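Residue numbers (numbering that gives the first Met the number 0), protein chains in the order written: chain A, 0 to 452; chain B, 0 to 452; chain C, 0 to 452; chain D, 0 to 452.
Number of protein chains: 4
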Amino acid sequence: MNRPQAERRQRLLAELPASSVAVIAAGHEQTRSRDTEYPFRPNSDFWYLTAFPEPDALLILTKDAAGQSAELLLCRDKDVEKEVWQGRRFGPEQAEQQFGIAAASISEQQAQLVAAMKGKQQLWFCFGDDEALLSQLNACQQQIRTTPRQSELAPQQQCNLRPLLSELRLLKDAHEISLMQQAATISADAHKAAMQLCQPGMQEYQLEACILHHSAMQGARYPAYNAIVGGGENACILHYTENNAELCDGDLVLIDAGCEWQGYAADITRTFPVNGRFSTEQAALYQLVLDAQLAALAEIKPGSSFALATQACYRVLTEGLHRLGILQGELDALIEAEAAKPWMIHSLGHWLGLDVHDVGSYQPKGAVPEPGAKNRVFEPGMVLTVEPGLYIPKGCDTDPKWWGIGIRIEDDVLVTAEGHRNLTAAVPKTIAEIEALMAQDASDPGQGHGQFD
Amino acid sequence: MNRPQAERRQRLLAELPASSVAVIAAGHEQTRSRDTEYPFRPNSDFWYLTAFPEPDALLILTKDAAGQSAELLLCRDKDVEKEVWQGRRFGPEQAEQQFGIAAASISEQQAQLVAAMKGKQQLWFCFGDDEALLSQLNACQQQIRTTPRQSELAPQQQCNLRPLLSELRLLKDAHEISLMQQAATISADAHKAAMQLCQPGMQEYQLEACILHHSAMQGARYPAYNAIVGGGENACILHYTENNAELCDGDLVLIDAGCEWQGYAADITRTFPVNGRFSTEQAALYQLVLDAQLAALAEIKPGSSFALATQACYRVLTEGLHRLGILQGELDALIEAEAAKPWMIHSLGHWLGLDVHDVGSYQPKGAVPEPGAKNRVFEPGMVLTVEPGLYIPKGCDTDPKWWGIGIRIEDDVLVTAEGHRNLTAAVPKTIAEIEALMAQDASDPGQGHGQFD
Amino acid sequence: MNRPQAERRQRLLAELPASSVAVIAAGHEQTRSRDTEYPFRPNSDFWYLTAFPEPDALLILTKDAAGQSAELLLCRDKDVEKEVWQGRRFGPEQAEQQFGIAAASISEQQAQLVAAMKGKQQLWFCFGDDEALLSQLNACQQQIRTTPRQSELAPQQQCNLRPLLSELRLLKDAHEISLMQQAATISADAHKAAMQLCQPGMQEYQLEACILHHSAMQGARYPAYNAIVGGGENACILHYTENNAELCDGDLVLIDAGCEWQGYAADITRTFPVNGRFSTEQAALYQLVLDAQLAALAEIKPGSSFALATQACYRVLTEGLHRLGILQGELDALIEAEAAKPWMIHSLGHWLGLDVHDVGSYQPKGAVPEPGAKNRVFEPGMVLTVEPGLYIPKGCDTDPKWWGIGIRIEDDVLVTAEGHRNLTAAVPKTIAEIEALMAQDASDPGQGHGQFD
Amino acid sequence: MNRPQAERRQRLLAELPASSVAVIAAGHEQTRSRDTEYPFRPNSDFWYLTAFPEPDALLILTKDAAGQSAELLLCRDKDVEKEVWQGRRFGPEQAEQQFGIAAASISEQQAQLVAAMKGKQQLWFCFGDDEALLSQLNACQQQIRTTPRQSELAPQQQCNLRPLLSELRLLKDAHEISLMQQAATISADAHKAAMQLCQPGMQEYQLEACILHHSAMQGARYPAYNAIVGGGENACILHYTENNAELCDGDLVLIDAGCEWQGYAADITRTFPVNGRFSTEQAALYQLVLDAQLAALAEIKPGSSFALATQACYRVLTEGLHRLGILQGELDALIEAEAAKPWMIHSLGHWLGLDVHDVGSYQPKGAVPEPGAKNRVFEPGMVLTVEPGLYIPKGCDTDPKWWGIGIRIEDDVLVTAEGHRNLTAAVPKTIAEIEALMAQDASDPGQGHGQFD
Ligand SMILES: [Mn+2]
Ligand SMILES: [Mn+2]
Ligand SMILES: [Mn+2]
Ligand SMILES: [Mn+2]
């Protein structure tokens, strides 16, 4: 079997000690209002291990005392009448064929879980993720414990599957990398379309609509996260998602948006002038952020770390802010005192994968946890964002000419043996490139919706 | 104060008996994956009564033993640091000014709820809606009951607020009708754009993308429900939302989609030929559904009911199916035996409002509930859908020439003193109109994205 | 049918409005440690209405829209194997015969509750009593609400059964009065035996053992509450139940103990000298408490109230404390200022019945609750305790000669048409009677365990 | 520090791996009815490790990454006003002095638990014991996981403390053995008193009362389990606790009762003739059970096991039943087929200690669990019961002369280096001894309540 999901399950099973059972849940549909639901999005771990798209499913992986492993997918039964109303279901038989995992009906979940747990030493699941699953696992264990003479067959340990799964997911396999490149490519196209569409007088949500539309037309029906489109000072609110203000001539606009492709996230931020031309101050700060990003990107390679890349970024930022007079004093002392931090309060980047803020420890594997440390050494196969920014809200302690400027430049980067590959390099980010693209006629062939003509 | 929400709160308070407290919750953000959330959508009742858009808020309405009423909105506090990260918040003070309701901090919710309940005879909330709210209300009541000497101050009755609120929401006020017309208009435009865009070889999700985009460009950022775009036989699955098949030459495609505008839903279905031309069989069945819809629409007027409109619809459908040879036997006997029902298994329509399947009893106010009955007499101000259909899946017991055809035609209708107003009349539904629109060039001025040029 | 429980159910059903369902649970066995349980004690309301002694049972009373009522007892099934291990069970069939209530298996509880609730307007249960029952009732209602087309058949109101049941239980019927007299008689005998047994050097728990033994030998196997046996200063701790100190020559000992007979409580307190002779100070204070009790008892009659009896009691106490020099100042001012209250911080008495602190409002039926008020007018059939006390711990602000004295005298009193009947008059309470009884030889015939010789 | 509880905590801490936290809860008072509680009985594990007698307390044991251990007792604060009403409390300060454990207020439990857990690899508690504790521990872990940057400080494993504690409790230390001997001695005296008291016409509950009384007079206020007093056929119901039948001339009566002394259980069963004289059939069966018990007792020694003792017991029983004609066929085949099992369906005995069915595996330490196996090798310091029985209910397939006879003889036995010590040998069990004791005059000096004269 050469399905990537099957290989991932094998890798996970290889990590589990003998006499273990691991349970991963797909999750359930969530109500949006009354009898309507949000579009279902499977739990990332479940999706990673199965690619099975339906809600209400469970994956049970077991390894017995002799080290023999088994897999079981529990899913909804076929039900002709319900399917006419609610949509098609695979059912266990078809699921087994199509997804290559032994399958049974979710209606037997209590019995199947009890059978899988009985006599196993360790029960593995992701701690803290899913209260309903926890209740269910507790009920199953309690059933064993209260069955006469079987009490001692209940698992004696519960272990957090999170670190194991996070470690696996941290290093992307070839299949994942190709999907992530696709997510990045679609999102990059969408960002370019939004840049071209932008004009003073438009609404922030219209740029969001443009981005969503370009992605959806390619089959990326949902965003990886709620898009941020912030004109002017709105860019200084890091997770601004109202997107309901008018875009004004003379302001910058910051777009932080990425689509989800087959469950994988892209996460791109670009900042550009609403009217297509950077002002002097905008250009000065923008160039500074770009320089900082380039300095950080230079540090994305095997053996480096977020800590080192962050250092490089802050060095450039501090120098620039000092040069521009926003920071005053002795440069080395400013660097030492982390004086640039109030102007970029967020971190340089994060792991990227099935989740936009993807799982994976920021610290060395097996190290004693150290709150806040990001000294994990980069290895080929890791994917991360590099996203320095500068935010100067109105009223802050600078020359007012800088006020109301918020800038962030974010790319998605794969660590490779040679260094890194920028998955989102297709979106312009130099001042010249941006101004050139925005000067083009949006109805120009090859732009807009053209990709599906 | 002439805000419509204030008037609605007054109408609700007028319905509550003396010595009552009513609690309505806004709901909470829901996790989509890991640390990302679905876009927050306030609880419909809460939104109806407040127009306050933030999560984690509560509305408390009280009427004391003397009949004196009071209102209190509990909401999140201002928090400069959190707002930089998570977005702006009103805070109680600003909420009070802007929304015209006395407000306090949600951090005091336990104390405020206890204070509001103490000494009240009846506690009103929507039964079965919100488990977290129920727990909280129970905890508050238990706090009163276990306070020495105060036990008897806990409410002695819990009453379902649902019927009262449903009755209010069933009759739309002028403000609501204008919003619903806007939702309908935006959605109608979007349907027309999708019709024009459609071509064999496109994907179902691309028509969905088109619809969502047209709505979002007008500011309707979210659909009222997950769009159904079903080509060919997919149309026979009532809530088909995968939308991931190719649209084939010779097939029909059914689109059931509507946007949400200021919380209000539109709900439009149109069915049209992928290639722009109905085949003979498609045309025969389509005309039949359209005739049935027109017959039903003729019954939408004060004094009529869903029951009567459904009768009219089924009469036309049965006659037509009999005429086409799909139903065989004596016509009157077929009507009597409800022989058309297997071909249209869903009901004729539903209330429409803040929810796509809106609240409101389908039976006379105050009547003993009668499962399935829909004999509520129409009154001006009610809004409803009229959506007959015919579904002939492959393999069913008819001439194979009919197989794989699923048709539904749905409009949104306001009952008026004179009869009704069709809010979604702008989308073509005759065969001639549809074929004409689809023959137009999609790049024709005034179409496509032109509305924001 | 002339069973008293049947009559009580009828009285309760008569109080319920049409279209109601009431649910009363027996409760469950509670674990004492590991796999041992405390002796099961049925919920008082359930016992009052059924006299059915097993755990895990439910009583469902319904009144339909036409006012027709029905009763259903759900109980454990017969199970030969389990009964060999765990004890005999009635099973529904035998329960029906023996207890005169239609019965079915508790294994059908979800279905039976749903059936009973469906279409009823009001669901009645005791609010705040039983979290497990509440969950179950919520699940049943939710099942109805989420059954297609049945949503409106779920009850629209939940009403507190507590006030209705409390009102019924407040007025004891003839069967109850005879059982309460029996509880009082057994407990009175036990108190006399303890008085006779008492000697310096004994342990407090030995007097408790004596009381429990005398009751148990009469078939009253369990106390109505945990006995208080407090020598010397221990009497000043109101619910002292350690009972593990030595009884010292020269001290008083306070015994507050009563048995449970067929579910009904006795509640008697006597205070007497460990060595059989009151000291001067003990006698002075004892006589004062006794006078206060007699004054209060004189107020126990139809038309009076706890408020009036308390007034009489405090008047005597204040006069006495003033006379003894413990309270100083002007008598009327002391009374006005409730100056005696710090010396008797508890209230004069409480309702008595199936619970030692029995249910029943202390305020007029139907009045707006007034925290702390005890102005319910006495009626024939009410049973209550009258239990003034005085407590002078060491170190308090009095002449040290009074220190370490705690006294309470408590009788159980039935309000009759003529005034009252003291159910516990058989236990001596004058100084002379007590000293005489304690001077008798405990091995005297007719005492000790003689009752079963 | 030479307190036994301190040594036990040290032994437990020695078993815990580095970077562990263990939590043990005292439990809470449980409601008997309305506002009365059952007498509080601390959780056995908590009592074993602390001897702290109050409810609502927690013990937290930690071992950090360096192997440094710490102890913390959380208990109720002093509260003068509450203590007057509800009884005295130690409060942290006094608890620390008196019980020799660092103590703090239970009001800080969330913070103290979080602090103790943070950064620990493993969280240990007894799985399945205490749902409220589980919720609390989950809440604490979730608090850590959702604190920014601290997520990884939450324990990654939850481990069952039960096996560790059970193993410790299985081997009684000297302090425990002395307490268990005291429990056994008190209970033995009580059984003798009941034998002497017994006469035809008495009620079963009166023998129970006698047993409870004799124990309580010695300070053993509570039974270790609900006493079984079964006359005649009632003896065939293993956990018959109604105890409400008359004791009839000619019947046997079975008493299974034992007191609790300082938390430790005795568990004695004796069976004797109500009228003081065994009939021929009663004597034949009684002698058989006694012989079986003696055969089993001979196997209670280091190196043996329940399995071996059970074999010896069943061999004697089978031979005897064969001899008496109750079992027919070839003796060896009967033994092979376990033909005696239907006449003694329960097992031969169980561990005894703080719980009557005490904790401790019945299988070798560290072995893979094998349901039902009892092959744990006896070691000095183990305490167990040996309790063969024979039960011949009416209507079963034997000569009717045997009907209605139920017999069990149970002693409590300490395994010693030399073999065993019978802690309950003081209660007569030969036919001759029993008949002699029952022939004595119960008012004979030295009997009855004499022990406290
Ligand atoms: Mn990012
Ligand atoms: Mn519809
Ligand atoms: Mn009392
Ligand atoms: Mn035993």
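Even glycine gets a Cβ: it sits at the ideal position worked out from N, Cα and C. This structure is a prediction, so every number in the text was calculated from the model and none was measured.
Open item on the list: In this structure, how does DSSP classify residue 393(D) when only helix, strand and coil are distinguished?
Closed with: coil
- [ ] Give a yes or no on whether the minimum CB-CB distance between residue 32(D) and chain C is below 8 Å.
- [x] yes
- [ ] Given a cut-off of 8 Å, decide if residue 319(D) and residue 287(D) are closer than it, judged by their beta-carbon atoms.
- [x] yes
Task: Backbone CA spacing between residue 35(D) and residue 109(C) [nearest angstrom] - done: 30 Å
Task: Coarse secondary structure for residue 260(D), derived from DSSP in three states - done: strand
Open item on the list: Tell me the residue span of the beta strand (DSSP E) that contains residue 62(C).
Closed with: It spans 57-62 - the beta strand (DSSP E) in which residue 62(C) sits, taken as one unbroken run.
Open item on the list: Would the stretch 185-200 of chain A count as touching the stretch 367-381 of chain A if we require 3 or more Cβ pairs under 8 Å?
Closed with: no
TODO: Just jot down, in chain order, the residues whose CB lies closer than 7 Å to any heavy atom of ligand 1.
DONE: 255(A), 266(A), 268(A), 348(A), 349(A), 355(A), 384(A), 386(A), 409(A)
- [ ] Compare the C-beta of residue 439(B) against all C-beta atoms of chain A and say whether one is closer than 8 Å.
- [x] No, residue 439(B) does not count as interfacial toward chain A.
Task: Test: residue 45(A) CB closer than 8 Å to a CB of chain D - done: no
Open item on the list: Quick check on residue 451(B): does DSSP put it in helix, strand or coil?
Closed with: Confidence is the limiting factor: at residue 451(B) the pLDDT is only 34, short of 50, which leaves the residue's position unreliable, though a coordinate-based value still follows. The answer is helix: DSSP assigns residue 451(B) an H, G or I state.
TODO: Would you list the one or two residues that DSSP bridges to residue 418(B)?
DONE: 415(B)
Task: Beta carbon proximity, residue 144(C) to chain B, threshold 8 Å - done: yes
Open item on the list: Can you pull the chain D neighbours of residue 370(C), defined as C-beta to C-beta under 9 Å?
Closed with: Result: empty, since nearest Cβ-Cβ is about 17 Å, beyond 9 Å.
Open item on the list: Taking CB distances under 8 Å as the criterion, tell me whether residue 303(C) reaches chain B.
Closed with: no
- [ ] Quick one: residues in its chain with C-beta nearer than 8 Å to the C-beta of residue 445(A), no 5 flanking neighbours on either side, listed in chain order?
- [x] Since pLDDT at residue 445(A) reaches only 41, below the 50 mark, its modelled position is unreliable, and the value read off the structure follows with that caveat. Closer than 8 Å at Cβ, skipping near neighbours: no residue.
Open item on the list: For chain C, check one thing: does any of its Cβ atoms lie closer than 8 Å to the Cβ of residue 367(B)?
Closed with: yes
Open item on the list: Residues in the same chain with beta-carbon distance under 8 Å from residue 456(A), minus the five sequence neighbours each way, listed in chain order, please.
Closed with: This structure cannot settle anything about residue 456(A), because the visible part of chain A is limited to 0 through 452.
Open item on the list: Quick check on the DSSP output: what are the complete alpha helix (DSSP H) runs of length 4 or more inside the stretch 309-365 of chain B, in order along the chain?
Closed with: Counting only unbroken stretches of 4 or more residues, the alpha helix (DSSP H) elements lying wholly within the stretch 309-365 of chain B are 330-335, in sequence order.
Task: DSSP state of residue 247(A) mapped onto helix, strand, coil - done: Residue 247(A) falls in the coil class under three-state DSSP.
Open item on the list: DSSP three-state label for residue 222(C), please.
Closed with: strand
Open item on the list: Taking the straight line between their C-alpha atoms, what separation do you get for residue 19(D) and residue 61(D)?
Closed with: Cα to Cα, residue 19(D) sits roughly 6 Å from residue 61(D).
Task: Residues, ordered as in the chain, of the stretch 80-91 of chain B that lie near chain A by beta-carbon distance below 8 Å - done: Residues of the stretch 80-91 of chain B with a Cβ closer than 8 Å to any Cβ of chain A, in chain order: 82, 83, 84, 85, 86, 87.
Task: Under 8 Å from the C-beta of residue 241(B): neighbouring residues of chain A - done: What residue 241(B) touches in chain A: 86, 87.
TODO: Give me the Cβ distance between residue 385(D) and residue 316(D), rounded to the nearest whole Å; I'm assuming they're in contact under 8 Å.
DONE: Going by Cβ atoms, the distance from residue 385(D) to residue 316(D) rounds to 13 Å, so no, they are not a contact pair.
Open item on the list: To test your reading of the DSSP string, which unbroken alpha helix (DSSP H) runs of 4 or more residues are found completely within the stretch 167-209 of chain A?
Closed with: 173-196
Open item on the list: For a cutoff of 8 Å on Cβ pairs, would you count residue 446(C) as touching chain B?
Closed with: Low confidence applies to residue 446(C): its pLDDT is 40, below 50, so where it sits in the model is not reliable enough to give any reading.
- [ ] Tell me whether the beta-carbon of residue 90(C) lies closer than 8 Å to the beta-carbon of residue 77(C).
- [x] yes
TODO: Kindly examine ligand 6 and report whether one of its heavy atoms sits closer than 7 Å to the Cβ of residue 373(D).
DONE: Looking for ligand 6 in the displayed structure turns up nothing; the ligands present are ligand 1, ligand 2, ligand 3 and ligand 4.
- [ ] Would you be able to state if there are at least three C-beta pairs under 8 Å between the stretch 205-213 of chain D and the stretch 208-221 of chain C?
- [x] With a cut-off of 8 Å, the stretch 205-213 of chain D and the stretch 208-221 of chain C count as touching, because enough Cβ pairs lie within range.
Task: Residues near residue 427(D) by beta carbon distance below 6 Å, same chain, minus five either side - done: 433, 436
Task: Contact set between residue 360(D) and chain A, taken where Cβ atoms lie within less than 9 Å - done: 151
TODO: Following the continuous beta strand (DSSP E) through residue 229(D), name the residue where it begins and the one where it ends.
DONE: 227-230
Open item on the list: I'd like to know if residue 347(D) contacts chain C, where contact means its C-beta is closer than 8 Å to some C-beta of that chain.
Closed with: False, the Cβ-Cβ gap to chain C never drops below 8 Å.
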